[in-house]
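Everything below concerns the one structure shown next.
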Amino acid sequence: MSGFVEKPEPIQVPGLVHLHTGKVRELYQNEAGDLVMVASDRMSAYDWVLPTEIPDKGRVLTQLSLWWFDQLRDLAPNHVLSTELPEGAPADWAGRTLVCKSLRMVPVECVARGYLTGSGLVEYEESRTVCGLALPEGLVDGSELPAPIFTPATKAEVGEHDENVSYEEVARQVGAETAAQLRQATLAVYSRARDIARDRGIILADTKFEFGFDGDTLVLADEVLTPDSSRFWPADQWQPGRAQPSYDKQFVRDWLTSAESGWDRKSEQPPPPLPQQVVDATRRKYVEAYERLTGMSWS
């Protein structure tokens, strides 16, 4: 059992039709047929959307995505049309709202890995492969790969796991031409972002993208290169052979699996509220990621 501990009621705004409540985002459609994405401060972990929010998280995700879209503009067009608030929207939507093109979304999580960790490490330890791609012997948690790899996954509903799949399975599902486009775009965007992050003292270990089609044009969509969709590690603390410190929700995961939380993730009980010190530490990590990557102060 998993999903929302407390599923929120979407805010109703005149002229907008609510389409979907995701782990973090609320999705609406305006009268012109454009999508309106609102990033909340919700936090998810272990397939649960937690009852405690992280202040400013939605704004950090939105503003960091906008910064990355600008860095990547020459490599991949994106879906953003405007950041203006729809008329009648609540003031709290400011800084967390994107008006976007309505695309024909490709039902694939496009994952790029430059380092071995997470579910990739689990598969590697079993078979020396990741998503069916053979890798050299001797790699450990945190090892840099010989070259970045495209390791796609199926998109899951709230409360479900994404499932790693082979490139051949993606080609079967969406067609060989689209699969090739996805792989090329994913690796190109990852490589650009990896180099930008490296110049700022951050390792981009892996990340996931979503793409859709605007006519025949492949377009980068949703959020991009945030602590929610990526593993960012401080380069000066990188040490293969152990779990790396990271700019993400690790404080939340660590507390949930600690004796202090009293929660058994294998049970069907929902996780408890987060203590204030975990909320504050997690917010600081998201803000630090924004500031180190963009070079701008968060206010």
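All letters in the sequence shown, in the order written, are residues 1 to 299 by full-length UniProt numbering.
Glycine included, each C-beta is placed from N, C-alpha and C at the ideal position.
All figures in this text were calculated on a predicted structure; none of them were measured in a lab.
- Contact between Leu81 and Val99 holds, with the beta-carbon distance rounding to 5 Å and staying under 8 Å.
- In terms of Cβ geometry, Phe232 and Ala205 form a close pair [threshold 9 Å].
- Taken in chain order, the complete beta strand (DSSP E) segments of 3 or more residues contained in the stretch 30-63 are 35-39.
- The beta carbon of Val219 lies closer than 6 Å to those of Pro77, His79, Leu103 and Gly212 in the same chain, with the five residues before and after it left out.
- If you look at Trp255, you'll find it in the alpha helix (DSSP H) that goes Gln250 to Leu256.
- By the C-beta criterion, the stretch 134-148 is judged to be in contact with the stretch 108-125, since at least 3 inter-stretch pairs fall below 8 Å.
- With fewer than 16 other beta carbons inside 10 angstroms of its own, Pro146 counts as exposed.
- For the pair Met43 and Val36, the CB atoms are not nearer than the 9 Å cut-off.
- By the Cβ-count criterion, Gln244 is buried, with 16 or more other Cβ atoms from all chains shown falling within 10 Å of its own Cβ.
- Glu268 sits in coil when the DSSP states are folded into three classes, being neither helix nor strand.
- Contiguous alpha helix (DSSP H) elements confined to the stretch 94-142 occur at 118-127, taking only those with 4 or more residues.
- Residue state for Arg284 is assigned as helix, using DSSP reduced to three classes.
- With the rule of 3 Cβ pairs closer than 8 Å, the stretch 50-70 counts as touching the stretch 223-238.
- The stretch 270-280 makes contact with the stretch 252-261: 3 or more CB pairs, one atom from each, lie closer than 8 Å.
- Between Ala289 and Val130, the C-beta gap is not smaller than 9 Å, which leaves the two residues out of contact.
- In this chain, the alpha helix (DSSP H) harbouring Leu187 covers Ala176 to Asp199.
- Take Val170, set aside five residues on each side of it, and the residues of its chain with a beta-carbon closer than 6 Å to its own are Val108, Pro152 and Ala179, in chain order.
- Gly95 places its beta carbon 9 Å or farther from that of Val13.
- One alpha carbon belongs to Arg25, the other to Ala235, and they sit about 30 Å apart.
- The alpha-carbon of Trp238 is positioned some 8 Å away from that of Gly142.
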